[in-house]
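When we follow this note's numbering, the leftmost residue of the sequence shown carries the number 1, and every step to the right adds one. Where a beta carbon is used, it is the ideal one built from N, C-alpha and C, also for glycine. Since this is a predicted model, take the numbers as computed values, not measurements. Taking it in order: structure first as structure tokens, then the write-up.
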Amino acid sequence: MPLVILPTYSQSTSLLHSYWRLYIDAFSGSGSGILFGDLAFNGTVGGPDQTTGGTAIASSYYSTFTPDRAFNNNTTNDGWISNGSTVGQWIGYHFLLPVTVAEIIWYSTVLFGTASPTAFTLQYSDDGALWTSVKSWSGLTPPSGFTNVTLTLAV
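Put into structure tokens, the structure is as follows:
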């Protein structure tokens with residue numbers, strides 16, 4: 001089940017941006033890297049996922065767990081894994097045209113030997129270099145054992 005995150009800001013043209021990412025501020029566990037299961041960046045609350053046609057981007061990736069695996073609509077035992085468990089890793093999407101992100105859906109999962117994010121910040125950019133923070137979340141409860149977990153956070 002998905003983790004639903006609802007940023008509280010108006011959807012104006014000033015929030016149309018080509019790059020959106022989740023910057024990891026804290027994590028729990030250890031291993032080869034930090035795992036994000038499947039992600040969706042929706043333009044409206046309850047709307048469709050906008051992550052099609054563009055390019056998944058990330059700070060790094062481990063083995064074959066490339067950024068696109070966080071946006072492939074596989075919600076079970078799949079996702080992106082960072083190359084190393086350190087704060088400052090991030091996963092995002094470069095859209096073909098600027099978009100607004102009004103909702104994030106995170107299908108959390110667990111894979112053996114990975115850490116899970118417990119705090120992250122939604123950021124946007126127009127050039128992929130200079131990032132602006134929109135909203136931060138902390139105190140997230142990561143999945144444990146081999147159980148996928150759904151968390152819902154309203155902002």
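Could you tell me whether the Cβ atoms of alanine 119 and aspartate 25 are closer together than 8 angstroms?
Within the sequence shown, the letter at position 119 stands for residue 119. Within the sequence shown, the letter at position 25 stands for residue 25. It is a contact, given that the beta carbons lie within the stated cut-off.
Taking only runs that begin and end inside the region 69-107, name each unbroken alpha helix (DSSP H) of 4 or more residues, in chain order.
With a minimum length of 4 residues, no continuous alpha helix (DSSP H) run stays inside the region 69-107.
Considering only residues of the region 29-71, which uninterrupted beta strand (DSSP E) runs meet the minimum length of 3 residues and lie entirely inside it, listed in chain order?
Those beta strand (DSSP E) runs which fall completely within the region 29-71 and span 3+ residues are 33-36, 38-42 and 55-58.
From which residue to which residue does the beta strand (DSSP E) around alanine 129 run?
Translated into the one-based positions of the sequence shown, residue 129 becomes position 129. Where alanine 129 is concerned, there is no enclosing beta strand (DSSP E), given that its DSSP letter is neither H nor E.
Starting from the Cα of serine 59, find the closest Cα among Val99, Ser32, Thr76 and Gly92 and give me that residue.
Position 59 of the sequence shown, counting from 1, holds the residue named residue 59. Selected option, being the one with the closest Cα: Gly92.
Please determine, among Val45, Thr100 and Ser138, the residue with the shortest C-alpha to C-alpha distance to serine 18.
Numbered from its first residue, the sequence shown carries residue 18 at position 18. Closest by alpha carbon: Thr100.
For leucine 22, name the three-state secondary structure that DSSP assigns.
As a first step, residue 22 must be located in the sequence shown, where it is residue number 22. Strand.
Report, in whole angstroms, the separation of the C-beta atoms of phenylalanine 41 and serine 116, which I expect to be a contact under 8 angstroms.
Locating residue 41 in the sequence shown gives position 41, counting from the first residue. Locating residue 116 in the sequence shown gives position 116, counting from the first residue. Their Cβ separation, rounded to whole angstroms, is 20 angstroms, which puts phenylalanine 41 and serine 116 out of contact at 8 angstroms.
Measuring straight from C-alpha to C-alpha, what distance separates isoleucine 81 and threonine 109?
The residue given as residue 81 occupies position 81 in the sequence shown. The residue given as residue 109 occupies position 109 in the sequence shown. Straight-line Cα distance between these residues: approximately 11 angstroms.
By DSSP, does leucine 122 sit in helix, in strand, or in coil?
What you label residue 122 is simply residue 122 of the sequence shown in a count that begins at 1. Reduced to three states, the DSSP call for leucine 122 is strand.
Since alanine 56 and phenylalanine 36 are thought to touch, with beta carbons under 8 angstroms apart, how far apart are those beta carbons, to the nearest angstrom?
Residue numbering aside, residue 56 sits at position 56 when the sequence shown is read from its first letter. Residue numbering aside, residue 36 sits at position 36 when the sequence shown is read from its first letter. Not quite, the Cβ-Cβ distance comes to about 11 angstroms (not below 8 angstroms), so this is no contact.
Please report how far the alpha carbon of proline 67 lies from the alpha carbon of leucine 122, in whole angstroms.
Working through the sequence shown from its first residue, we reach residue 67 at position 67. Working through the sequence shown from its first residue, we reach residue 122 at position 122. Near 16 angstroms, if we compare the C-alpha coordinates of leucine 122 and proline 67.
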